[in-house]
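Student: Starting off with a structure, shown below.
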Amino acid sequence: MICSHGCGMVIACTRRLASIPALLFCALLALAAPRPVAALTLLRDADIEHGLTELSFPILRAAGLNPRTVRVMVVDDDTFNAFVLDHRTIYLHYGLIQSVDSARMLQAVIAHEAAHITNGHIARRMGNMQSARTAAGLGAALAAMAAVAGNGEAAVGLAAGTQSAALRGFLAHTRAEEAAADRAAAGFLTYAGIDPRGLVELHRAFAGQELLSVSNQDVYMQSHPLTRDRLRAAQDYVEAFGRELPADPLHQYWFDRVRGKLSAFTRAPDWTLRRAPEEANADIRLMRQAVAYHRLGRLDAALRAIDGAIALRPEDAYYYDLRGQFLMETRNWAGAVAAYDTANRLAPNEPLILAGLGRAQRAAGQGAAGLDSLEQARSRDFRDARLLHDLALAYAQDGRPGMAALVTAERYALEGRLEDAGPHARRAAMQLPRGSPPWQRAQDVLSASEKLQKRK
Ligand SMILES: [Zn+2]
Numbered sequence: 000m001i002c003s004h005g006c007g008m009v010i011a012c013t014r015r016l017a018s019i020p021a022l023l024f025c026a027l028l029a030l031a032a033p034r035p036v037a038a039l040t041l042l043r044d045a046d047i048e049h050g051l052t053e054l055s056f057p058i059l060r061a062a063g064l065n066p067r068t069v070r071v072m073v074v075d076d077d078t079f080n081a082f083v084l085d086h087r088t089i090y091l092h093y094g095l096i097q098s099v100d101s102a103r104m105l106q107a108v109i110a111h112e113a114a115h116i117t118n119g120h121i122a123r124r125m126g127n128m129q130s131a132r133t134a135a136g137l138g139a140a141l142a143a144m145a146a147v148a149g150n151g152e153a154a155v156g157l158a159a160g161t162q163s164a165a166l167r168g169f170l171a172h173t174r175a176e177e178a179a180a181d182r183a184a185a186g187f188l189t190y191a192g193i194d195p196r197g198l199v200e201l202h203r204a205f206a207g208q209e210l211l212s213v214s215n216q217d218v219y220m221q222s223h224p225l226t227r228d229r230l231r232a233a234q235d236y237v238e239a240f241g242r243e244l245p246a247d248p249l250h251q252y253w254f255d256r257v258r259g260k261l262s263a264f265t266r267a268p269d270w271t272l273r274r275a276p277e278e279a280n281a282d283i284r285l286m287r288q289a290v291a292y293h294r295l296g297r298l299d300a301a302l303r304a305i306d307g308a309i310a311l312r313p314e315d316a317y318y319y320d321l322r323g324q325f326l327m328e329t330r331n332w333a334g335a336v337a338a339y340d341t342a343n344r345l346a347p348n349e350p351l352i353l354a355g356l357g358r359a360q361r362a363a364g365q366g367a368a369g370l371d372s373l374e375q376a377r378s379r380d381f382r383d384a385r386l387l388h389d390l391a392l393a394y395a396q397d398g399r400p401g402m403a404a405l406v407t408a409e410r411y412a413l414e415g416r417l418e419d420a421g422p423h424a425r426r427a428a429m430q431l432p433r434g435s436p437p438w439q440r441a442q443d444v445l446s447a448s449e450k451l452q453k454r455k
């Protein structure tokens with residue numbers, strides 16, 4: 000879920016709070032850096048991530064990637080950018096999602112990033128970040144993530160690789176790589192039955208930026224240099240392809256829904272209420288209105304609207320997830336448990352929903368069931384800092400300080416704060432049974448933290 004207000008996970012969530020006070024996005028990667036540097040924060044929401052999976056699935060499959068292991072995730076940043084840093088995740092700024100006009104344009108971006116993965120461009124380049132400093136910080140965060148995932152060696156390798164001075168040389172993709180990624184992307188799109196015109200439309204949106212000074216260009220333009228040759232090549236491809244493929248109504252639906260939910264949480268509620276009637280899908284319209292009412296503190300109207308959306312899509316887990324969020328944030332614990340329970344039944348094994356269920360169960364006094372839900376969520380998705388925060392709290396309340404220290408260490412590691420993670424990992428390792436799986440997890444974070452210190 001996208002938090003509407005305080006979830007306690009504030010340490011790394013502060014960047015957008017100033018500009019969007021009613022909103023709290025939970026952190027994934029807050030970059031470790033000696034000086035303040037813009038945090039890179041993931042915006043975790045089961046509904047939005049599901050929509051992006053629907054949009055990317057055919058493309059990833061066409062690219063020969065496993066759609067179950069390669070994720071598309073949203074970065075809490077309103078600028079236009081997309082990038083890959085490893086072989087498992089395509090990152091899209093929410094500003095990009097809000098700026099493109101059609102599902103096929105967004106899918107062209109996803110196809111292009113998928114091509115950077117399959118063409119091996121990230122083996123030599125860890126990413127397309129704006130500055131070496133940002134990328135170095137991100138490297139530490141990625142390293143920490145690997146440690147949390149239980150791969151200490153990869154963690155240290157990542158940290159060392161991304162913090163080396165050589166990093167500066169491979170921040171942006173070369174023009175040759177861009178051309179190759181475009182060619183591959185066009186192939187993935189047509190193979191997936193998606194019209195490749197999205198690629199031309201994407202390039203057209205940037206045509207002319209080539210002539211601007213770097214400071215006036217979009218960040219996407221800086222990391223994905225566009226040339227007139229690229230635009231022409233995409234046009235040639237489309238011309239040779241000939242016929243126009245019809246838009247898949249399902250893709251159009253999820254595109255509208257992802258954008259609708261993002262805008263409902265990021266734009267002023269009044270704007271949403273003004274614009275929602277233009278939405279063609281009645282359930283999406285109601286969902287957007289529900290979020291706006293909730294943010295205005297009008298719970299009754301919010302529930303009426305979300306229940307209207309549920310009536311139209313009674314098997315939709317994500318609408319129940321949103322209902323659970325409204326009830327949770329208005330302290331109706333029992334109602335929240337019921338809503339998350341239904342969501343979890345409709346979409347089993349969805350970690351973000353499981354985390355919501357666990358949180359509601361703990362609040363409702365169902366301690367053991369809540370801990371079980373939170374642990375299940377953690378075993379399926381370790382990149383949810385808010386979940387780790389709640390899990391640490393649950394362990395502490397249940398008198399298991401070793402586990403509380405471990406999960407706290409993992410949360411700091413996830414946020415790229417390996418220095419802070421170290422002491423907690425050490426405490427966990429002292430308290431947990433030597434050689435047990437949790438003890439091993441503590442060792443992984445500890446060794447990543449210690450090796451990173453030595454390399455500094
Ligand atoms: Zn590119």
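Residues in the sequence shown are numbered consecutively from 0, following numbering that gives the first Met the number 0. The beta-carbon is built from N, C-alpha and C at its ideal position, and this holds for glycine as well.
At the 8 Å Cβ level, is D282 part of the contact set with chain D, yes or no?
Tutor: Among the protein chains of the structure shown there is no chain D, as only one such chain exists.
Student: Please report how far the alpha carbon of V459 lies from the alpha carbon of E112, in whole angstroms.
Tutor: Because the chain spans 0 through 455 in this model, residue 459 falls outside it and cannot be assessed.
Student: Rank N280, L201, E243 and Q442 by C-alpha distance to the C-alpha of M506 and give the top, closest one.
Tutor: Examination of residue 506 is not possible in this model, given that the chain is present from 0 through 455 alone.
Student: Less than 8 Å separating the beta-carbons of L353 and Q375?
Tutor: Residue numbering aside, residue 353 sits at position 354 when the sequence shown is read from its first letter. Residue numbering aside, residue 375 sits at position 376 when the sequence shown is read from its first letter. Closer than 8 Å, so yes.
Student: Which of the three DSSP states, helix, strand or coil, is assigned to L27?
Tutor: As a first step, residue 27 is located in the sequence shown; it is residue number 28 there, counting from the start. Because the pLDDT of L27 is 27, which lies under 50, any placement of that residue in the model is unreliable, and the number read from its coordinates should be weighed accordingly. L27: coil per DSSP, three-state reduction.
Student: Give a yes or no on whether the C-beta atoms belonging to M0 and D320 are separated by under 8 Å.
Tutor: Taking the sequence shown and counting its residues from 1, the one referred to as residue 0 is at position 1. Taking the sequence shown and counting its residues from 1, the one referred to as residue 320 is at position 321. The answer is yes: Cβ separation under 8 Å.
Student: So what does DSSP say about F205, is it helix, strand or coil?
Tutor: In the sequence shown, counting from the first residue as 1, residue 205 sits at position 206. Helix.
Student: Leaving out five residues before and five after L295 in sequence, what residues of the same chain have Cβ atoms less than 6 Å from its Cβ?
Tutor: Here residue 295 corresponds to residue number 296 of the sequence shown, with the count starting at 1. Once the five neighbours on either side are set aside, the close Cβ partners of L295 are P268.
Student: With a CB to CB cut of under 7 Å and the five nearest residues on each side skipped, what residues in its chain are close to D419?
Tutor: Your numbering for residue 419 matches position 420 in the sequence shown. Excluding sequence neighbours, D419 sits near Y411.
Student: Would you kindly report the start and end of the unbroken alpha helix (DSSP H) that includes I283?
Tutor: Taking the sequence shown and counting its residues from 1, the one referred to as residue 283 is at position 284. Segment A281 to R294, the alpha helix (DSSP H) holding I283.
Student: Using only the alpha-carbon positions, how far apart do P347 and G50 sit?
Tutor: Along the sequence shown, one-based indexing puts residue 347 at 348. Along the sequence shown, one-based indexing puts residue 50 at 51. Taking the straight line from one Cα to the other gives about 16 Å.
Student: Count the other C-beta atoms from every protein chain shown that fall within 10 angstroms of the C-beta of R256, then say buried if there are 16 or more, exposed otherwise.
Tutor: Counting from one through the sequence shown, the residue named residue 256 turns up at place 257. Counting Cβ neighbours within 10 Å, R256 comes out buried, since at least 16 surround it.
Student: Compute the Euclidean distance between the alpha carbons of P436 and Q452, then round it to the nearest angstrom.
Tutor: The sequence position of residue 436 within the sequence shown is 437, counting from 1. The sequence position of residue 452 within the sequence shown is 453, counting from 1. Those two C-alpha atoms are separated by around 24 Å.
Student: Excluding the 5 residues preceding and the 5 following L249 in the sequence, name in chain order all residues of the same chain whose CB lies nearer than 8 Å to its CB.
Tutor: The residue labelled residue 249 in the question sits at position 250 within the sequence shown. Result list for L249: E53, in chain order.
Student: In angstroms, rounded to a whole number, what distance separates the CA positions of L166 and I309?
Tutor: Residue mapping note: residue 166 aligns to position 167 of the sequence shown, counting from 1. Residue mapping note: residue 309 aligns to position 310 of the sequence shown, counting from 1. Unreliable positioning characterises L166 in this predicted model, as indicated by a pLDDT of 34, which lies under 50. The coordinate reading is nonetheless provided below. In a straight line, the C-alpha of L166 is about 49 Å away from that of I309.
Student: Nearest by alpha-carbon distance to P422: which of H388, R433, S446 and V74 is it?
Tutor: Start at 1 with the first residue of the sequence shown, and residue 422 comes out as number 423. Of the listed residues, the one whose Cα sits closest to P422 is S446.
Student: In whole angstroms, give me the CA-to-CA distance for D306 and D340.
Tutor: Here residue 306 refers to the residue found at position 307 of the sequence shown. Here residue 340 refers to the residue found at position 341 of the sequence shown. Roughly 16 Å separates the two Cα atoms.
Student: Give every residue of the same chain whose Cβ lies closer than 6 Å to the Cβ of V336, excluding the five residues on either side of it in the sequence, and list them in chain order.
Tutor: In the sequence shown, residue 336 corresponds to position 337, counting from 1. Taken in chain order, the residues that qualify are A359, Q360 and A363.
Student: First and last residue of the alpha helix (DSSP H) that includes T271?
Tutor: Taking the sequence shown and counting its residues from 1, the one referred to as residue 271 is at position 272. Per DSSP, T271 belongs to the alpha helix (DSSP H) from P268 to R274.
Student: Have a look at the DSSP bridge pairing and note the partners of M72.
Tutor: Counted from its first residue, the sequence shown places residue 72 at position 73. Per DSSP, Y90.
Student: In this structure, how does DSSP classify A81 when only helix, strand and coil are distinguished?
Tutor: As a working note, residue 81 is residue 82 in the sequence shown. Reduced to three states, the DSSP call for A81 is strand.
Student: So, using beta-carbon positions, are L272 and Q288 closer together than 8 Å?
Tutor: As a first step, residue 272 is located in the sequence shown; it is residue number 273 there, counting from the start. As a first step, residue 288 is located in the sequence shown; it is residue number 289 there, counting from the start. Yes. Within cutoff.
Student: I'd like to confirm the pairing. Which residues does DSSP put opposite L42 in its beta bridges?
Tutor: The count along the sequence shown starts at 1 and reaches residue 42 at position 43. Looking at the DSSP assignment, L42 forms a beta bridge with V73.
Student: Taking F187 and A102 to be in contact with their CB atoms under 8 Å, please state how far apart those CB atoms are, rounded to whole angstroms.
Tutor: On the sequence shown, position 188 is the one that residue 187 refers to. On the sequence shown, position 103 is the one that residue 102 refers to. The pair is not a contact, with the Cβ atoms about 15 Å apart (cut-off 8 Å).
Student: Between the Cα of E458 and those of T189, L230 and F254, spot the shortest distance and give me the residue it belongs to.
Tutor: Because residue 458 is not part of the residues shown, which for the chain are 0 to 455, the question remains open.
Student: Look up I116 in the DSSP assignment and say whether it is helix, strand or coil.
Tutor: Here residue 116 refers to the residue found at position 117 of the sequence shown. Of the three classes helix, strand and coil, the one that applies to I116 here is helix, per DSSP.
Student: Which same chain residues end up closer than 6 Å to A107 when comparing Cβ atoms and leaving out the 5 residues on each side of it in sequence?
Tutor: Against the sequence shown, residue 107 aligns to sequence position 108. Hits under 6 Å: G197, L198 and L201.
Student: Let me make sure I understand the geometry here. Which of I109, M104, T78 and T88 has the alpha-carbon closest to that of G94?
Tutor: Numbered from 1 along the sequence shown, position 95 holds the residue referred to as residue 94. It is T78 whose Cα lies nearest to the Cα of G94.
Student: Which two residues bound the contiguous alpha helix (DSSP H) that contains T173?
Tutor: Position 174 of the sequence shown, counted from the first residue, corresponds to residue 173. Here T173 belongs to no alpha helix (DSSP H), and DSSP marks it neither H nor E.
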